[in-house]
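Chemist: Residue numbers (this note's numbering), protein chains in the order written: chain A, 1 to 181; chain B, 182 to 362.
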């Protein structure tokens, strides 16, 4: 079972691929797609879509995980984030991948045991969980964390776990598996 | 010169193709892409991207025009609109098309002479401008209006017109040609 985690952003889209082998998590690849600055919007979005397609062709994941967006920023930044998500998710859907969404808190809790971990803690925990030689960049670490989270959620689901928790006041499974709609 | 106008939306993405032939505008095609309701987000976005790619393959436009978004709605709706725009614009960019953005007011003014035209007026004016037998749907009419606007802007630019106007308080050329960024 190979999982792609992806963290869409208009300037930097992190990706990370992990594999579950005999109950162990193995790092496959990670990186960041950065559309050339100053390009036209459609070219920048095409860069993201093409980059995702290349990652899929190279690493052939069985499933994908993205961050669930709780919109709180301005509508301008929501539009910009939405455009990046649209290019990335269309590429994933076009390849026939199923995509699950995970809340930030859920991902942090699964990796660090606490929902309030900062970026650096997340990078450290991802490096540790996958026994990496170097610390991945912020966006790639977020993407790897999503992939790890999805792998763990799958393992828990396979074990028949029924843990439930609360996130942002809304009742959800502890690992907040939600089909992206 | 064949122009694709496109009006991205998560439930309905209108498209319209017009051609400028000997100074006259000719209707080529129009329609609306409607992702199946209830599908996963990534599948719905892939549906839009694939649909756009099919329109491009079928009608081979030389340029494209989309609506400029002045975000005023909630950040939730901005995210949803952004996702649809992202899927559509990535498909346009991936095909190497240049995409221009036009403000709503500009499009309305160019078609009806007034910035405050409602949907029905726009549909009527588009039908009249292209001598169509039937009135196109709302989304397709918006898309055709964008294509007509781009064709007119190109004609004005070719004539060396320097008309200037104001839209939403910002100084712009009268036809608000802006490269999508």
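Where is the CB? At the ideal position from N, CA and C, for every residue including glycine.
Predicted model, so just to flag it, every value in this text is computed and none were measured.
#1: Does DSSP put residue 62 of chain A in a helix, in a strand, or in coil?
#2: Exposed or buried, which one is residue 218 of chain B when buried takes at least 16 other CB atoms within 10 Å?
#3: Within this structure, are the beta carbons of residue 173 of chain B and residue 244 of chain B separated by less than 9 Å?
#4: Quick check on the burial criterion: 16 or more other C-beta atoms within 10 angstroms. Buried or exposed for residue 335 of chain B?
#5: Is the separation between the beta-carbon of residue 262 of chain B and that of residue 250 of chain B shorter than 9 Å?
#6: What is the DSSP secondary structure of residue 17 of chain A, counted as helix, strand or coil?
#7: Can you give me, in chain order, the residues of the segment 73 to 88 of chain A that have a beta carbon less than 9 Å from any beta carbon in chain B?
#8: Does the segment 282 to 292 of chain B come within contact of the segment 311 to 331 of chain B, defined as at least 3 CB pairs closer than 8 Å?
#9: Relative to the C-alpha of residue 51 of chain A, which candidate in A:14, A:33, A:139 has its C-alpha closest?
#10: In chain A, which residues lie with their C-beta within 7 Å of the C-beta of residue 230 of chain B?
#11: The alpha helix (DSSP H) with residue 92 of chain A in it runs from where to where?
#12: Report the partner residues of residue 109 of chain A according to the DSSP bridge assignment.
#13: Decide if residue 235 of chain B is buried, meaning its Cβ has at least 16 other Cβ atoms within 10 Å, or exposed.
#14: Starting from residue 126 of chain A, trace the alpha helix (DSSP H) both ways and give me its first and last residue.
#15: In angstroms with no decimal places, state the Cα-to-Cα distance between residue 125 of chain A and residue 145 of chain A.
#16: Would you list the one or two residues that DSSP bridges to residue 208 of chain B?
#17: Which chain B residues sit within Cβ distance under 7 Å of residue 43 of chain A?
#18: Terminal residues of the continuous beta strand (DSSP E) containing residue 188 of chain B?
#19: Please determine if the segment 200 to 214 of chain B and the segment 296 to 316 of chain B are in contact, where contact requires at least 3 C-beta pairs separated by less than 8 Å.
#20: Check the Cβ of residue 71 of chain A against every Cβ in chain B and list those closer than 7 Å, keeping chain order.
#21: Tell me the residue span of the beta strand (DSSP E) that contains residue 183 of chain A.
#22: Below 8 Å CB to CB, which residues in the same chain sit around residue 41 of chain A once its five sequence neighbours on both sides are set aside?
#23: Please classify residue 32 of chain A: does DSSP put it in a helix, a strand, or coil?
#24: Rank B:240, B:224, B:192 by C-alpha distance to the C-alpha of residue 92 of chain A and give the top, closest one.
#25: Can you find a C-beta in chain B that's less than 9 Å from the C-beta of residue 63 of chain A?
#26: By the criterion of Cβ-Cβ separation under 9 Å, what are the contact partners of residue 324 of chain B in chain A?
#27: I'd like the list of long-range same chain contacts for residue 114 of chain A, defined as Cβ closer than 8 Å, with 5 residues on each side in sequence excluded.
#28: Quick one: is residue 195 of chain B buried, meaning 16 or more other Cβ sit within 10 Å of its Cβ, or exposed?
#29: Quick one: which chain B residues come within Cβ less than 9 Å of residue 207 of chain A?
#30: Pick out whichever of B:300, B:185, B:189 has its Cα sitting closest to the Cα of residue 258 of chain B.
#31: Take the Cβ of residue 238 of chain B as the centre, count every other Cβ of all protein chains shown within 10 Å, and call the residue buried at 16 or more, exposed below.
#32: By Cβ distance below 6 Å, which residues in the same chain neighbour residue 123 of chain A in space, the five residues on each side in sequence not counted?
#33: Does the beta carbon of residue 210 of chain B sit closer than 9 Å to a beta carbon anywhere in chain A?
#34: Should residue 226 of chain B go down as buried or exposed, given a rule of 16 or more other Cβ atoms within 10 Å for buried?
Modeler: Once the coordinates are examined:
#1: The residue labelled residue 62 of chain A in the question sits at position 62 within the first chain. Coil at residue 62 of chain A, not helix or strand.
#2: Stepping through the second chain from its first residue, residue 218 of chain B is reached at position 37. By the 10 Å Cβ count, residue 218 of chain B comes out exposed.
#3: Residue 173 of chain B lies beyond the range of chain B shown here (182 to 362); nothing can be said about it.
#4: Stepping through the second chain from its first residue, residue 335 of chain B is reached at position 154. So residue 335 of chain B ends up on the buried side.
#5: Within the second chain, numbered from 1, the residue matching residue 262 of chain B stands at position 81. Within the second chain, numbered from 1, the residue matching residue 250 of chain B stands at position 69. Against a cut-off of 9 Å, the Cβ pair of residue 250 of chain B and residue 262 of chain B comes out as a contact.
#6: Indexing the first chain from 1 puts residue 17 of chain A at position 17. It is a strand residue.
#7: 73, 74, 75, 76, 77, 78, 79, 80, 81, 82, 83, 84, 85, 86, 87, 88
#8: yes
#9: Looking up residue 51 of chain A in the first chain gives position 51. It is A:33.
#10: Within the second chain, the letter at position 49 stands for residue 230 of chain B. Per Cβ cutoff of 7 Å: 90, 94.
#11: Taking the first residue of the first chain as 1, we reach residue 92 of chain A at position 92. Start and end: 75 to 94.
#12: Numbered from its first residue, the first chain carries residue 109 of chain A at position 109. Note: residue 109 of chain A sits in no beta bridge, so no partner.
#13: Stepping through the second chain from its first residue, residue 235 of chain B is reached at position 54. Classified as exposed, residue 235 of chain B has fewer than 16 neighbouring CB atoms from the shown chains inside 10 Å of its CB.
#14: Translated into positions along the first chain, residue 126 of chain A becomes position 126. Segment 119 to 129, the alpha helix (DSSP H) holding residue 126 of chain A.
#15: For the purposes of this step, residue 125 of chain A is taken as residue 125 along the first chain, with counting starting at 1. For the purposes of this step, residue 145 of chain A is taken as residue 145 along the first chain, with counting starting at 1. Those two C-alpha atoms are separated by around 9 Å.
#16: On the second chain, residue 208 of chain B is found 27 positions in, with the first residue counted as 1. Partner(s): B:199.
#17: Here residue 43 of chain A corresponds to residue number 43 of the first chain, with the count starting at 1. Residues of chain B passing the Cβ test: 274.
#18: Within the second chain, numbered from 1, the residue matching residue 188 of chain B stands at position 7. Start and end: 183 to 188.
#19: yes
#20: Here residue 71 of chain A corresponds to residue number 71 of the first chain, with the count starting at 1. Per Cβ cutoff of 7 Å: 256, 257, 260.
#21: Beyond the ends of chain A as shown, which are 1 and 181, falls residue 183 of chain A; an answer cannot be given.
#22: The residue labelled residue 41 of chain A in the question sits at position 41 within the first chain. Taking residue 41 of chain A as the centre and dropping the five residues before and after it, the same chain places the C-beta of 83 closer than 8 Å to its C-beta, in chain order.
#23: For the purposes of this step, residue 32 of chain A is identified with residue 32 of the first chain, where counting begins at 1. If DSSP states are grouped into helix, strand and coil, residue 32 of chain A belongs with the strands.
#24: In the first chain, residue 92 of chain A corresponds to position 92, counting from 1. Answer by Cα proximity: B:224.
#25: By one-based count along the first chain, residue 63 of chain A stands at place 63. Not an interface residue.
#26: Reading the second chain from its first residue, position 143 is the one you call residue 324 of chain B. Correct list: empty, because the minimum Cβ distance to chain A is about 16 Å.
#27: Here the question's residue 114 of chain A lines up with position 114 in the first chain. Closer than 8 Å at Cβ, skipping near neighbours: 108.
#28: For the purposes of this step, residue 195 of chain B is taken as residue 14 along the second chain, with counting starting at 1. Per the 10 Å Cβ criterion, buried.
#29: This structure cannot settle anything about residue 207 of chain A, because the visible part of chain A is limited to 1 through 181.
#30: Here residue 258 of chain B is taken as the residue at index 77 of the second chain, counted from 1. From the listed residues B:300, B:185, B:189, the smallest Cα separation to residue 258 of chain B is found for B:189.
#31: For the purposes of this step, residue 238 of chain B is taken as residue 57 along the second chain, with counting starting at 1. The residue in question, residue 238 of chain B, is exposed, as its Cβ has fewer than 16 Cβ neighbours within 10 Å.
#32: For this step, residue 123 of chain A is matched to residue 123 along the first chain. 135, 141, listed in sequence order.
#33: Taking the second chain and counting its residues from 1, the one referred to as residue 210 of chain B is at position 29. Chain A has no Cβ within less than 9 Å of the Cβ of residue 210 of chain B.
#34: Position 45 of the second chain holds residue 226 of chain B. Under this definition residue 226 of chain B is a buried residue.
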